[in-house]
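Participant: Have a look at this one.
Residue numbers (my numbering): 231 to 465.
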């Protein structure tokens, strides 16, 4: 995450830009709570990542990008460790200006109810949607998210297919594998099974191909021969 944040900072410095980012918490009254694996509040963690990336924190009406942060209301959950938390339960209205989504209600995986609301609200990959992330620690989620969004915002030769590939990977990994499929595989065996993985991932591949209007081929592997992470290649 740190190299990616520094890459973002270098891009901003090279272009002479100071991108302005505002933060909208889904549970603003709980932004003082601390994430797993971190020693500062989720608010300070996010602000620190924005500043590290060479960006400026501002208010919504003055922002180049809005970061929607799906923060936790009790403790940060972690599905793989069996740590539950209150899932997102409100209605959500997506901005009509550029926005990105940091889903940090859980560490190491998405808030399934929150993602369901995003798809119900017709998350739009062609216009104002600038990225989603929900992997590993809060800082890792936010740092990688900002980089992708800044590249899309200021790219002089923007590749929309590359953006779709990245978001397909993020949703397949953070939402499908981390919060759903890995839990099923764990109950069956601690030994990675590629055929079982492919079978379980397939219905979600179809959903995402339709959603992003793509025909990407998708390949999986277990790079460390364990269930903690999966490598996803989108071609």
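The C-beta atom is built at its ideal place from N, Cα and C for all residues, glycine as well.
1. Across the region 409-419 and the region 277-290, are there enough close Cβ pairs to call them in contact, namely three or more that are closer than 8 angstroms?
2. Using only alpha-carbon positions, find the residue among 429, 321, 338 that is nearest to residue 372.
3. Suppose the cutoff is 8 angstroms on Cβ atoms and the five residues either side in sequence are ignored; what does the same chain contact list for residue 406 look like?
4. Please state whether DSSP places residue 322 in a helix, a strand or coil.
5. Are there 16 or more other CB atoms within 10 angstroms of the CB of residue 368, so buried, or fewer, so exposed?
6. Would residue 295 be called buried (16 or more neighbouring beta carbons within 10 Å of its own) or exposed?
7. Between the C-alpha atoms of residue 264 and residue 330, what's the straight-line distance to the nearest angstrom?
8. Tell me the DSSP secondary structure of residue 333 in three-state form.
9. Tell me, which residues are paired with residue 251 by DSSP?
10. From the DSSP output, which residues share a beta bridge with residue 264?
11. Who are the near neighbours of residue 360 in its chain, counting only those whose CB is closer than 7 angstroms to its CB and skipping five residues on each side?
12. Name the two residues that bound the continuous beta strand (DSSP E) containing residue 461.
13. Kindly indicate which three-state DSSP category residue 373 falls into: helix, strand or coil?
14. Does the beta-carbon of residue 349 have 16 or more other beta-carbons within 10 angstroms, so that it is buried, or is it exposed?
Facilitator: Let me lay it out:
1. no
2. Here residue 372 refers to the residue found at position 142 of the chain shown. The residue with the shortest Cα to Cα distance from residue 372 is 338.
3. Walking along the chain shown from the start, residue 406 turns up at place 176. Result list for residue 406: 431, 434, in chain order.
4. Here the question's residue 322 lines up with position 92 in the chain shown. Looking at residue 322 - three-state DSSP - the assignment turns out to be coil, as it is neither helix nor strand.
5. Translated into the one-based positions of the chain shown, residue 368 becomes position 138. With 16 or more Cβ atoms within 10 Å of its Cβ, residue 368 is classed as buried.
6. Taking the chain shown and counting its residues from 1, one reaches residue 295 at position 65. Its Cβ being crowded by 16 or more others within 10 Å, residue 295 is buried.
7. Position 34 of the chain shown holds residue 264. Position 100 of the chain shown holds residue 330. Their backbone Cα atoms lie some 21 angstroms apart in a straight line.
8. Your numbering for residue 333 matches position 103 in the chain shown. If DSSP states are grouped into helix, strand and coil, residue 333 belongs with the strands.
9. Reading the chain shown from its first residue, position 21 is the one you call residue 251. Answer is 287, 295, bridged to residue 251.
10. Taking the chain shown and counting its residues from 1, the one referred to as residue 264 is at position 34. 271.
11. As a position in the chain shown, residue 360 is number 130, starting the count at 1. The answer, listed in chain order, is 295, 328, 329, 330, 379, 382, 383.
12. The residue given as residue 461 occupies position 231 in the chain shown. Looking at the DSSP string, the run of the beta strand (DSSP E) that includes residue 461 is 461-464.
13. Working through the chain shown from its first residue, we reach residue 373 at position 143. Helix, per DSSP.
14. In the chain shown, counting from the first residue as 1, residue 349 sits at position 119. Classification of residue 349: exposed, given that the 10 Å Cβ count is below 16.
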